[in-house]
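Down below is the structure, laid out as structure tokens.
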Amino acid sequence: MPHSVHSVEGRASTLRVHHFGADSGRPLLMLHGFGSSAEFNWVQSGWIQPLTDAGRRVIAVDLPGHGGNPAPEALDEYTPSRIRAEILQLLADEGVKPLDAEDPTSGVDIIGYSLGARFAWEFGAAQPELVHRMVLGGPAADDPLADFNLAQAEEMLTSGTPIADPVTADLIGWAQQIPGNDMFALLSMARAVKTEPYDATESVPKMPILFVAGEKDKLAEKMPKLAELNGHAEILILPARNHFNAITSRAFKQAAIAFFAA
1 MPHSVHSVEG
11 RASTLRVHHF
21 GADSGRPLLM
31 LHGFGSSAEF
41 NWVQSGWIQP
51 LTDAGRRVIA
61 VDLPGHGGNP
71 APEALDEYTP
81 SRIRAEILQL
91 LADEGVKPLD
101 AEDPTSGVDI
111 IGYSLGARFA
121 WEFGAAQPEL
131 VHRMVLGGPA
141 ADDPLADFNL
151 AQAEEMLTSG
161 TPIADPVTAD
171 LIGWAQQIPG
181 NDMFALLSMA
191 RAVKTEPYDA
201 TESVPKMPIL
211 FVAGEKDKLA
221 EKMPKLAELN
231 GHAEILILPA
241 RNHFNAITSR
251 AFKQAAIAFF
261 AA
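Going by full-length UniProt numbering, the first residue of the sequence shown is number 1, and it counts up by one from there.
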């Protein structure tokens with residue numbers, strides 16, 4: 001998958017950037033979840049083709065340490081606040097302009113999944129002048145990594161000790177399937193995310209949002225709370241889907257494309 005490395009003020013960014021589709025028009029920024037990658041979350045799951053067929057200009061990023069993206073040494077490179085700052089600079093460098101009702105190319109649409117939904121929620125709240133609409137998949141109303149057991153994950157990676165906690169075991173097992181993932185960098189991200197506790201009520205994005213989750217997604221059980229906070233939300237529940245396979249749903253893709261086109 002072709003990509004470019006984004007740089008900020010002469011230094012390497014924590015984001016690796018992939019471009020698809022049109023060269024102009026309002027861009028669609030795609031933010032994957034913890035332990036995933038742009039390739040796994042969006043390309044292999046079948047998102048890119050229908051989006052580009054719909055004429056969208058797509059910008060997908062790999063988070064630090066994910067999908068072959070280099071792993072920074074400093075812990076603060078992984079924090080949500082740093083990643084939001086990197087996204088803001090990326091959009092500026094991509095020529096994204098503040099929303100203008102008379103300019104359909106202005107602003108940006110965002111799709112975020114799982115941890116990417118947290119980043120999108122916080123970014124939309126901080127930059128309402130830029131964000132047109134958002135689709136948030138598998139979103140947690142609390143810290144999506146709150147139940148991640150860092151000690152057990154580190155013990156497994158260093159000595160092979162099985163992980164007892166089922167949430168941590170599922171996330172690590174998922175992440176190990178993704179080519180290019182730096183597993184110790186993922187632990188750095190989990191540790192950094194925990195240094196900036198997530199409270200969705202502190203700052204609420206008010207642009208239209210489509211919330212999507214699998215019927216069996218326990219992480220997204222409080223999704224209606226997010227929709228209520230937003231006040232301009234639509235909700236789609238995917239029957240029989242869970243947090244890990246909802247992303248492949250055709251209904252999810254079709255709903256997102258229609259929502260952005262509204």
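Just so it is clear, CB atoms sit at the ideal spot from N, CA and C, and this is done for glycine as well.
Problem - Enclosing beta strand (DSSP E) for Phe211 [first to last residue] - result: Ile209 to Gly214
Problem - Cβ pair Leu145, Ala190 closer than 8 Å - result: yes
Practice task
Below 6 Å CB to CB, which residues in the same chain sit around Glu234 once its five sequence neighbours on both sides are set aside?
Solution key: Leu210
Problem - Own chain partners of Gly55 with C-beta closer than 8 Å, once the 5 adjacent residues on each side are dropped - result: Gly21, Ala22 and Gly25
Problem - contact_flag[the segment 131 to 142, the segment 109 to 116] where n(CB pairs < 8 Å) is 3 or more - result: yes
Handout entry: Given His19 as reference, the closest of Asn181, Arg241, Val58 and Ser159 once Cα atoms are compared
Key = Val58
Practice task
Report the rounded CA-to-CA distance for Asn245 versus Asp182, giving the unit in angstroms.
Solution key: 22 Å
Practice task
Helix, strand or coil for Ile163, going by three-state DSSP, please let me know.
Solution key: coil
Handout entry: Simplified DSSP state of Met248, which is helix, strand or coil
Key = For the sequence presented, residue 248 should be read as Thr rather than Met. Residue state, collapsed to three classes: helix.
Problem - Terminal residues of the beta strand (DSSP E) in which Glu129 lies - result: Unbroken run through Glu129: none, as it is neither H nor E.
Problem - Contact between the segment 198 to 205 and the segment 117 to 131 (3+ Cβ pairs under 8 Å) - result: yes
Practice task
Would you check if the distance between the CB atom of Lys216 and the CB atom of Pro50 is smaller than 8 Å?
Solution key: no
Handout entry: Leu186 versus Phe34: straight-line alpha-carbon distance, rounded
Key = 8 Å
Handout entry: Under the three-state DSSP convention, the category residue 263 falls into
Key = It is not possible to answer for residue 263, since the shown part of the chain is limited to 1 through 262.
Problem - Inter-residue Cα distance where the pair is Ala261 and Val43 - result: 21 Å
Practice task
In the DSSP assignment, find the beta strand (DSSP E) that holds Glu86 and state where it starts and stops.
Solution key: Counting along the chain, Glu86 falls outside any beta strand (DSSP E), though it belongs to the alpha helix (DSSP H) covering Pro80 to Asp93.
Problem - Length of the line joining the Cα atoms of Glu9 and Gln89 - result: Confidence is the limiting factor: at Glu9 the pLDDT is only 49, short of 50, which leaves the residue's position unreliable, though a coordinate-based value still follows. Rounded to whole angstroms, Glu9 to Gln89 spans 10 Å at the Cα level.
Practice task
Would you mind working out which of Glu154, Phe40, Met30 and Gln152 sits nearest Gly116, comparing C-alpha positions?
Solution key: Met30
Practice task
With a threshold of 16 other CB atoms inside 10 Å of the CB of His66, please say whether the residue is buried or exposed.
Solution key: buried
Problem - DSSP state of Ile110 mapped onto helix, strand, coil - result: strand
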